[in-house]
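Notes for the one structure printed next.
Numbering (our numbering), first residue to last: 1 to 159.
Here it is in structure tokens:
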């Protein structure tokens, strides 16, 4: 239990630090009005056309950072996924089938997110495409490994 708490605190600290750094780096969008049409999907949900910096959502700072300064957003994504898997494993360690479902849903979500940025012309978009693809493949690999271990242990119990 102590090891779980240490990992939880460390991953949360890294996530928060990376989020603050990403938000700060993404604040450069306020100075780049030519990018407002391309890097403000959250603001465009609420405003037809962005006229000034007050209309830009704080979430769009993360989008801009992910496109042009992807280091901290990637660290944020890695630590967030790690936290999700850590908590999911802790919750479902006695229910392997539920953990397999979690991994499957996570893999599907990662594939969909990866697919949504597949044609991005920015370096950050390409990095997130490959990260999502690789993470989804790793989740599916985990599902297959757990399935075969679960299947083998069930056979040993029966026969």
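Where a beta carbon is used, it is the ideal one built from N, C-alpha and C, also for glycine. Computed from a predicted structure; not experimentally measured.
Straight-line Cα distance separating residue j from residue i
i           : j           : result
residue 83  : residue 11  : 6 Å
residue 56  : residue 117 : 21 Å
residue 48  : residue 40  : 11 Å
residue 4   : residue 138 : 22 Å
residue 26  : residue 153 : 49 Å
residue 6   : residue 90  : 13 Å
residue 148 : residue 77  : 29 Å
residue 111 : residue 120 : 15 Å
residue 136 : residue 85  : 13 Å
residue 75  : residue 145 : 26 Å
residue 101 : residue 132 : 18 Å
residue 129 : residue 43  : 23 Å
residue 60  : residue 99  : 32 Å
residue 50  : residue 37  : 8 Å
residue 52  : residue 58  : 14 Å
residue 141 : residue 104 : 10 Å
residue 65  : residue 151 : 44 Å
residue 134 : residue 13  : 24 Å
Cβ-based burial, residue i [other Cβ within 10 Å; buried from 16]
i           : result
residue 108 : exposed
residue 46  : exposed
residue 1   : exposed
residue 63  : buried
residue 29  : buried
residue 16  : exposed
residue 20  : exposed
Continuous alpha helix (DSSP H) assignments of at least 4 residues falling wholly in the region 71-140: Fully enclosed alpha helix (DSSP H) runs of 4 or longer: 71-92, 96-116.
Given 8 Å as the limit, is there contact between the region 69-77 and the region 124-138, that is, 3 or more CB pairs closer than that? The region 69-77 vs the region 124-138: in contact.
Does the structure place the region 94-109 close enough to the region 21-36 that three or more beta carbon pairs sit under 8 Å? Counting C-beta pairs with one atom in each stretch, the region 21-36 and the region 94-109 have fewer than three that are closer than 8 Å, which means they do not touch.
Entirely within the region 16-53 and at least 4 residues each: give me those alpha helix (DSSP H) ranges in chain order. Segments of the alpha helix (DSSP H) lying fully in the region 16-53: 41-46.
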